[in-house]
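One structure is given below, encoded as C-alpha cells.
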Amino acid sequence: MTRKIRVIMAKLGLDIHWRGAYLVSQFLKDAGMDVIYIGNTFPDQIVDAAIEEGADIIGLSTLCGNHLSLGPKVVELLKEKGLEHIKVIIGGVIPPNHIPQLKEKGLYEVYPPDTPMEAIVAGFNECVDFN
Amino acid sequence: MHDIDRLVQAATSGEKIATSQLISMIERGDPQANTIMGKIAPYTGKAYTVGVTGPPGAGKSTLVDNLVGLCCRAGYSVGVIAVDPSSPFSGGALLGDRVRMNVNDKGRDLFFRSMSAGRAMGGLARTTRETARILDASGRQIIFIETVGVGQSELDISKATDTVLVVLTPESGDNIQMMKAGLLEIADVFAINKADRTGAESIADALQHNLERTSKTKEWTPQIFLTSASLNQGVDALYEGILAHQKHLGTNQRMELHRKSQIRAELRDRIEESLSDRFWQHAESDNNLDRLVDKVWFQKADPQAVAAQIVSIWLQGES
Chain A
1 MTRKIRVIMA KLGLDIHWRG AYLVSQFLKD AGMDVIYIGN TFPDQIVDAA IEEGADIIGL
61 STLCGNHLSL GPKVVELLKE KGLEHIKVII GGVIPPNHIP QLKEKGLYEV YPPDTPMEAI
121 VAGFNECVDF N
Chain B
132 MHDIDRLVQA ATSGEKIATS QLISMIERGD PQANTIMGKI APYTGKAYTV GVTGPPGAGK
192 STLVDNLVGL CCRAGYSVGV IAVDPSSPFS GGALLGDRVR MNVNDKGRDL FFRSMSAGRA
252 MGGLARTTRE TARILDASGR QIIFIETVGV GQSELDISKA TDTVLVVLTP ESGDNIQMMK
312 AGLLEIADVF AINKADRTGA ESIADALQHN LERTSKTKEW TPQIFLTSAS LNQGVDALYE
372 GILAHQKHLG TNQRMELHRK SQIRAELRDR IEESLSDRFW QHAESDNNLD RLVDKVWFQK
432 ADPQAVAAQI VSIWLQGES
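Protein chains in written order, with this note's numbering: chain A, 1 to 131; chain B, 132 to 450.
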C-alpha cells in the first residue's frame, strides 16, 4: 500500500494573495499528494484542520508581512498539542534576512520568491519520513 | 507501533487526535486495520448518516456548511466526510470542500475530514464507510457524507447512508433528464440549489411530475426544496425535510431493514474485493497472462472465455 502525503495548504491570516497557494497546491497534486486547501485561516484554525485531516505537512502562504508573527505561532500550537511530527513549510514574500529567524523558530523550510517549483515539490516530498 | 487499545479508547471518548489517527491508519491500509475496525464495531450504529450527492459545482459543500450550522445550533455533535476526485495520472488530489466551511462559527462541535476518491468509481473513497464508523464511534450524532461531483451512475452513497440528499441546480436539465435512471432514483430528499437563478421552479415541476408517477408504489415520496446555499435561503426547510425522512425510517423497523440491506450489499462488495485481491496476488506471481494475451490477439480465443478459464484453474488450485 503506497502512502500518500497529506498537505494542508493555507493562506496565512488575512492575506488575500491567492495565486502562490493555488499554484503550489496544483504542483503538489500533480506530484501525487493529497492537498487540502483551506484558504484564509489563523494559526488555531490551521492546527485544528491539521488534526482532523491527519496532515503530514502544513503549507503556509504569506505575502503581506505576517510571517514572523503568525508563522512561528503555528509551530508553537503544534508543539503544545504534541504534534511536532507535522512539518510546517512557509513560502511567499519573505526577506532573506528573516529566513534564519523562521528556521530557528521551527519552520521546516522557507521558500522566498523565485524558488523553483521543482525545489518546492522536492522539499515537500523529502520532509516526510514514513517509517 | 501504535497502541491500538489506547487509541480506540481515546477516540471513543471523543478525542480528536486519536480519532484522526485511526482514520488515517484505515485509509492507508495499515496491517492492523481489521483489528481496529473490530474494536470500533461495538461503539457504532448510533449516528444518523446523511449522504449529499449531485453534479460538480451544484453547491453541495456550501449546503453542507449551512446544514452543519443548523445541526450544531440544535445541539448535535456533527461529523462531515467530504470526498473529492483523485487524478488518474498522478494519484494526487486537491481537496477543496473544507474551504467552504464557515471556520468562524466557533460554537460548532464538528469533525471534518476530507478524502480523495483514489481509484474507487462509485463517488466515495475505498474507506469512506470505515471513516463514518469511526466518527460514529467517537460520538458524532449526525454524519454528512459528501460525494465527489457525480454524473448519473455513481451511486455508492445510497449503500452507505440512511438518507440521501440529491443536490441539483436550475441548469441540471429538462424533462428527459428527469426521467432517466440512476442518480434521481436514489434520492430521499431533493434540493434545487442556486434557486435564485431562473429555471429553478420549472426543474422542480418536471421532477415533481416524474416523482408522482414513480413513487406511487413506494412508502416514501421524496420532497423537493428550493435553496440558495450561498444566501442561506431555504435551508431551514431542507433541514426539516431531511429530519422528516429520519423520522420515517424510525417507524415500523424501517431503519433496521434499511441498514441490514446495506450491510448485505457491503458484504457482497467486500467479498468481491477480497477475492479479487487474492486472485491478483496469485496472478502477479504467474506470468501466464502474456501467453493468454497472445491467444486473444491471434483470434484463437475470446477474452471472456479465457478469463473464466483462468478463474476456474485458480479455484481448483486453491481448493
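Built from N, CA and C at the ideal position, the CB exists for glycine as well. Small disclaimer: the values here were computed from a predicted structure and weren't measured.
Span of the alpha helix (DSSP H), counted from its first residue to its last, around residue i
i: residue 168(B); result: 164–171
i: residue 429(B); result: Per DSSP, residue 429(B) belongs to no alpha helix (DSSP H) and is neither H nor E.
i: residue 402(B); result: 385–415
i: residue 372(B); result: 366–380
i: residue 9(A); result: Premise fails: residue 9(A) lies in the beta strand (DSSP E), 6–12, not in any alpha helix (DSSP H).
i: residue 24(A); result: 19–30
i: residue 79(A); result: 67–80
i: residue 53(A); result: 43–53
i: residue 57(A); result: Here residue 57(A) belongs to no alpha helix (DSSP H); instead the beta strand (DSSP E) covers 57–62.
i: residue 87(A); result: Note, residue 87(A): premise wrong, no alpha helix (DSSP H); beta strand (DSSP E) at 87–92.
i: residue 104(A); result: 99–104
i: residue 234(B); result: Looking at the DSSP string, residue 234(B) is not in any alpha helix (DSSP H), and its letter there is neither H nor E.
i: residue 16(A); result: Segment: none, residue 16(A) is in no alpha helix (DSSP H) and carries neither H nor E.
i: residue 515(B); result: In the structure as shown, chain B starts at 132 and stops at 450, and residue 515(B) therefore has no counterpart that could be examined.
Beta carbon proximity, residue i to chain B, threshold 7 Å
i: residue 76(A); result: no
i: residue 61(A); result: no
i: residue 110(A); result: no
i: residue 38(A); result: yes
i: residue 32(A); result: yes
i: residue 45(A); result: yes
i: residue 11(A); result: no
i: residue 3(A); result: yes
i: residue 20(A); result: no
i: residue 123(A); result: no
i: residue 53(A); result: yes
Opening and closing residue of the beta strand (DSSP E) in which residue i lies
i: residue 342(B); result: Not the beta strand (DSSP E): residue 342(B) falls in the alpha helix (DSSP H), residues 331–345.
i: residue 121(A); result: Unbroken run through residue 121(A) is the alpha helix (DSSP H), 117–126; no beta strand (DSSP E).
i: residue 110(A); result: 109–111
Short CB-CB distance (under 7 Å) between residue i and chain A
i: residue 117(B); result: Any answer about residue 117(B) is impossible in this case: the structure gives chain B only from 132 up to 450.
i: residue 132(B); result: Legend: pLDDT at residue 132(B) = 47, less than 50; position of this residue unreliable, value from coordinates given subsequently. Cβ-Cβ to chain A under 7 Å: no for residue 132(B).
i: residue 172(B); result: no
i: residue 255(B); result: no
i: residue 234(B); result: yes
i: residue 227(B); result: yes
i: residue 159(B); result: yes
i: residue 242(B); result: yes
i: residue 164(B); result: no
i: residue 360(B); result: no
i: residue 213(B); result: no
i: residue 149(B); result: no
i: residue 224(B); result: yes
i: residue 407(B); result: no
i: residue 247(B); result: yes
i: residue 221(B); result: yes
i: residue 135(B); result: no
i: residue 155(B); result: yes
One or two residues paired with residue i in a DSSP bridge
i: residue 354(B); result: 320(B)
i: residue 443(B); result: According to DSSP, which records beta bridges pairwise, residue 443(B) is partnered with nothing at all.
i: residue 35(A); result: 7(A) and 225(B)
i: residue 40(A); result: 11(A)
i: residue 241(B); result: 209(B)
i: residue 450(B); result: Residue 450(B) pairs with nothing; no bridge assigned.
i: residue 359(B); result: 364(B)
3 or more residues per run - each beta strand (DSSP E) lying fully within the segment 153–230 of chain B: 179–184, 209–215 and 224–226
Answer yes if the segment 91–98 of chain A comes into contact with the segment 54–68 of chain A, meaning at least three C-beta pairs across the two stretches below 8 Å, and no otherwise. Yes: the two stretches touch, three or more of their Cβ pairs being nearer than 8 Å.
Cβ contact (3+ pairs, closer than 8 Å) linking the segment 221–230 of chain B and the segment 24–37 of chain A: yes
Pairing CB atoms from the segment 94–113 of chain A with CB atoms from the segment 70–86 of chain A, are three or more of them under 8 Å? yes
If you scan the segment 248–317 of chain B from start to end, which runs of the beta strand (DSSP E) of 3 or more residues do you find wholly inside it? 273–277 and 294–299
Cβ contact (3+ pairs, closer than 8 Å) linking the segment 287–295 of chain B and the segment 165–181 of chain B: yes
Is the segment 203–223 of chain B touching the segment 238–245 of chain B in the sense that three or more CB pairs, one from each, lie closer than 8 Å? Here the segment 238–245 of chain B lies against the segment 203–223 of chain B, with 3 or more beta-carbon pairs under 8 Å apart.
For the segment 247–262 of chain B and the segment 296–310 of chain B, state whether three or more C-beta atom pairs, one from each stretch, are separated by less than 8 Å. no
Counting Cβ pairs, one atom from each stretch, are 3 or more of them under 8 Å apart for the segment 45–55 of chain A and the segment 18–25 of chain A? no
Is it the case that the segment 391–407 of chain B contacts the segment 427–439 of chain B, given that we only count it when at least three CB pairs across the two stretches are under 8 Å? no
When the Cβ atoms of the segment 144–157 of chain B are set against those of the segment 257–269 of chain B, are three or more pairs found closer than 8 Å? yes
Quick test of the definition: if touching needs 3 or more C-beta pairs under 8 Å, does the segment 184–203 of chain B touch the segment 269–287 of chain B? At 8 Å Cβ cutoff, the stretches touch.
Cβ contact (3+ pairs, closer than 8 Å) linking the segment 338–352 of chain B and the segment 307–321 of chain B: yes
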